[in-house]
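Chemist: Numbering (the numbering used here), first residue to last: 298 to 705. Don't be surprised by glycine CBs; every beta carbon is placed ideally from N, CA and C. Following this message is one structure expressed as structure tokens.
Following this line, the structure appears as structure tokens:
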């Protein structure tokens, strides 16, 4: 029932943003060209086709509820290119345009008392509406294609005068959110892993989410990540989607992921710590399981984040950058906190002085580096996608952290 309510709300929102967009566009075309609009048959047919995807989802939901059997969307390129991609690209273009259209309408309200000025300025509104629409019709698909094919290597320097010489220039590579599925194909995964290996990491840490859903891609994810060459190993925390391979059977799902990773020499650590000895130096890594499925208890968090004084480098790795974990790590004197989950704001809309993303509803730690007390917190954009099979203004990322004793 909750899923049905969310679906209904989603469809209402789609209708509202599309209605606003097409109303503004239709009025602008009419004012500029003084032509009759296209017959409603054509506009309704186009709108119906572009919105086949949510209709498909509702039909599947009702079929599943009536027959009490799980169903899923077809997983093939034809369905993706004919149904899924046209819908999401349309929504991205419409929402991106609507944000700027709202600014224009807000200016109208502000200038309402100055009718002469308002009339003089907004006689150019139809041209502006059409220009914005043209720009985003071109920009949005181009940006989506770029973000699908591009992977950025982001370099971060962690500098601490107390770092021992053995850890000076230590190369720590941080990746997250592989999301192996039909959209993260073999070529994309191969390219990602190759870039990781080209960095010659001393240690690789993974922020979880090796798969998106279903057990079909567990082995694929494990095999590709298992190709990483790391001097001191590959370790991961638990991600949200690692619990969802077998629907609500979280225990079975996580066990399957953990086993596949272990077979490829990747250790997934659940609410525990790992000490890595490098000569006489010690790196302590605390792995915190903080997901939609399991929130860590404060007592467990306090226990895991204590006892950090005898280590030369203290790292906390978690999937979701939640405030309680961030606060605890900073208070306990951790050097680094690494997190993923956000995909860097997988869908990020352009807006004056601000980048808007739905991820802001969950956390302010969207992407990049944050200084909390003496701790450096890094939230990586990861590789994959969830819910929406596209990235918009969020380039996939591999983060390499160079541990240094002094500035270059």
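Starting from residue 471 and walking both ways along the beta strand (DSSP E), at which residues does that stretch end?
Modeler: Where residue 471 is concerned, the enclosing beta strand (DSSP E) stretches over 467–472.
Chemist: Going straight from the alpha carbon of residue 590 to that of residue 540, what length do you get?
Modeler: Their Cα atoms are separated by approximately 7 Å.
Chemist: Using the three-state DSSP reduction, which class does residue 537 fall into: helix, strand or coil?
Modeler: Three-state result, residue 537: coil.
Chemist: How is the beta strand (DSSP E) around residue 702 delimited, first residue to last?
Modeler: Neither: residue 702 is in no beta strand (DSSP E) and is coded neither H nor E.
Chemist: Look at residue 575 and residue 462 and say whether their C-beta atoms are less than 8 Å apart.
Modeler: Result no, Cβ atoms of residue 575 and residue 462 do not sit closer than 8 Å.
Chemist: Would you mind sorting residue 428 into buried or exposed? The rule is 16 or more other CB atoms within 10 Å of its CB.
Modeler: With fewer than 16 Cβ atoms within 10 Å of its Cβ, residue 428 is classed as exposed.
Chemist: Tell me which residue opens and which closes the beta strand (DSSP E) that residue 583 is part of.
Modeler: Run containing residue 583: 578–585, per the beta strand (DSSP E) assignment.
Chemist: According to DSSP, is residue 328 helix, strand or coil?
Modeler: The answer is helix: DSSP assigns residue 328 an H, G or I state.
Chemist: Less than 7 Å between C-beta atoms, sequence neighbours within five positions excluded: which residues of the same chain meet that for residue 419?
Modeler: 405.
Chemist: Classify residue 622: buried if its beta carbon has 16 or more other beta carbons within 10 angstroms, exposed otherwise.
Modeler: The residue in question, residue 622, is buried, as its Cβ has 16 or more Cβ neighbours within 10 Å.
Chemist: Excluding the 5 residues flanking residue 627 on each side, which residues of the same chain have their C-beta closer than 7 Å to its C-beta?
Modeler: For residue 627, where only same-chain residues beyond five positions count, the Cβ hits under 7 Å are 669, 670 and 672.
Chemist: What number of angstroms, rounded off, separates the C-alpha of residue 374 from the C-alpha of residue 518?
Modeler: Their Cα atoms are separated by approximately 20 Å.
Chemist: Once DSSP output is grouped into helix, strand and coil, what is the label at residue 611?
Modeler: Correct three-state label for residue 611: strand.
Chemist: Quick check: what's the CA-CA separation for residue 302 versus residue 633?
Modeler: Roughly 40 Å separates the two Cα atoms.
Chemist: Using a threshold of 8 Å, state whether the C-beta atoms of residue 449 and residue 647 are closer than that.
Modeler: In this structure, residue 647 does not lie closer than 8 Å to residue 449 by Cβ.
Chemist: For the segment 433–514, which segments carrying the alpha helix (DSSP H) assignment without a break, of at least 4 residues, lie completely within its bounds, in sequence order?
Modeler: Whole alpha helix (DSSP H) segments, 4+ residues: 483–495.
Chemist: The beta strand (DSSP E) that contains residue 572, what's its start and end?
Modeler: First-last of the beta strand (DSSP E) with residue 572: 569–575.
Chemist: In the DSSP assignment, the alpha helix (DSSP H) including residue 355 goes from what residue to what residue?
Modeler: It spans 349–364 - the alpha helix (DSSP H) in which residue 355 sits, taken as one unbroken run.
Chemist: Alpha carbon to alpha carbon, what distance is there between residue 401 and residue 410?
Modeler: Rounded to the nearest angstrom, the two C-alpha atoms are 16 Å apart.
Chemist: Could you work out which residue in 630, 532, 430 and 358 is closest to residue 391 when comparing CA atoms only?
Modeler: The shortest Cα separation from residue 391 among 630, 532, 430 and 358 belongs to 430.
Chemist: Based on the DSSP output, what are the partners of residue 668 in its beta bridges?
Modeler: Paired residues: 673.
Chemist: Residue 473 and residue 642 - do their beta-carbons sit closer together than 8 Å?
Modeler: No, Cβ-Cβ distance for residue 642 and residue 473 is not below 8 Å.
Chemist: I'd like to check one pair, residue 612 with residue 598: are the Cβ atoms closer than 8 Å?
Modeler: No, these two residues do not count as a Cβ contact at 8 Å.
Chemist: Relative to the C-alpha of residue 340, which residue among 323, 350 and 355 is closest?
Modeler: Of the candidates 323, 350 and 355, the one whose C-alpha sits nearest the C-alpha of residue 340 is 323.
Chemist: If you draw a straight line from the alpha carbon of residue 484 to that of residue 607, how long is it in whole angstroms?
Modeler: Roughly 43 Å separates the two Cα atoms.
Chemist: State yes or no: is the C-beta of residue 592 nearer than 7 Å to some heavy atom of the ligand NAP?
Modeler: In the structure shown, the ligand NAP is absent, as is every other ligand, since no ligand is present at all.
Chemist: I'd like to confirm the pairing. Which residues does DSSP put opposite residue 634 in its beta bridges?
Modeler: Answer is 613 and 674.
Chemist: Under the assumption that residue 522 contacts residue 515 (Cβ atoms under 8 Å), give the Cβ distance between them as a whole number of angstroms.
Modeler: No, residue 522 and residue 515 are not in contact; Cβ-Cβ is about 11 Å, not under 8 Å.
Chemist: Give me the DSSP bridge partner(s) of residue 652.
Modeler: Paired residues: 647.
Chemist: Please look up how many angstroms separate the CB atoms of residue 481 and residue 475, rounded, as I've assumed it's under 8 Å.
Modeler: Indeed, because the Cβ distance is near 7 Å, the residues count as touching under 8 Å.
Chemist: Where residue 354 and residue 348 are concerned, what is the direct C-alpha to C-alpha distance, given to the nearest angstrom?
Modeler: Answer to the nearest angstrom: the Cα atoms are 11 Å apart.
Chemist: Is residue 558 closer than 8 Å to residue 529 when the C-beta atoms are compared?
Modeler: Cβ atoms of residue 529 and residue 558: not closer than 8 Å.
Chemist: Going by C-alpha to C-alpha distance, which of 439, 492, 614 and 580 sits closest to residue 534?
Modeler: Comparing Cα positions, the closest option is 614.
Chemist: Apply the 10 Å Cβ neighbour rule to residue 379 and answer buried if 16 or more other Cβ atoms are within range, or exposed otherwise.
Modeler: Residue 379 comes out exposed.
Chemist: Opposite residue 696 in the DSSP bridges: which residues?
Modeler: The partner list for residue 696 (beta bridge, DSSP) reads 451 and 471.
Chemist: Can you find the residues in the same chain that come closer than 6 Å, C-beta to C-beta, to residue 625, ignoring five residues on each side of it along the sequence?
Modeler: Taken in chain order, the residues that qualify are 598 and 602.
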